[in-house]
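Residue 87 in UniProt numbering sits at position 87 of the sequence shown, and the numbers go up by one each step. No residue lacks a Cβ here, since even glycine has one placed at the ideal position from N, Cα and C. Nothing here was measured: the structure is a model prediction, and the numbers come from that model. Before any comments, here is the structure.
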Amino acid sequence: MTAGVQTIIYPVKDPKAAKALFTALLGVEPYADEPYYIGFKAAGQDVGLDPNGHAQGLTGPVPFWHVTDLRERLAALVEAGAEVLQDVRDVGNGRLIASVKDPDGNLIGLLQDPAA
């Protein structure tokens, strides 16, 4: 099951410049400002800047679909023809992410928050 796209991650090469640009765009300061991730919340959307994104194969913004069972959705996508780019990984506090590439080369992210 999916709760829709609620997170978009942008790979960035210059985190300082990207932070300034997205602060101006969104009109809010980041809620997370770490060397490995800068995160904003605005209008019900989570926007992340990933300084390591290019090294992980991200070539542009990646929409992350929030799902209730990441491993199940990942297996379904692979069975439907997707290629795993990033296998399941805990990015902190039990939040899991993974990403795939569809047959047309589009990137799809999956995100599962820990059970409440």
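Could you check what DSSP says for Leu58 in three-state terms: helix, strand or coil? coil
Whole alpha helix (DSSP H) elements within the UniProt domain "VOC" (4-113), 4-residue minimum: Entirely contained in the UniProt domain "VOC" (4-113), the alpha helix (DSSP H) runs reaching 4 residues are, in chain order, 15-26 and 70-79.
Cα-Cα separation between Glu83 and Leu21, rounded to whole angstroms: 32 Å
Would you mind sorting Gln45 into buried or exposed? The rule is 16 or more other CB atoms within 10 Å of its CB. exposed
Looking at residue 128: is its Cβ nearer than 9 Å to the Cβ of Pro51? Nothing can be reported for residue 128: it is not among the residues displayed for the chain, which extend from 1 to 116.
Exposure label - Val12; buried when at least 16 CB within 10 Å: buried
Is the stretch 64-73 in contact with the stretch 103-112, if contact means three or more CB pairs nearer than 8 Å? yes
Have a look at Tyr10 and Ala24 and give me their C-alpha separation to the nearest angstrom. 16 Å
Determine the direct distance from the alpha carbon of Leu49 to that of Glu29, and round the result to whole angstroms. For Glu29 and Leu49, the distance between alpha carbons rounds to 13 Å.
Can you give the beta carbon distance from Leu85 to Gly57, rounded, assuming they're within the 8 Å contact cut? 5 Å
Taking C-alpha atoms, which residue in Asp14, Ala32, Glu79 and Tyr37 lies nearest to Val100? Restricting attention to Asp14, Ala32, Glu79 and Tyr37, the CA atom closest to the CA of Val100 is found in Glu79.
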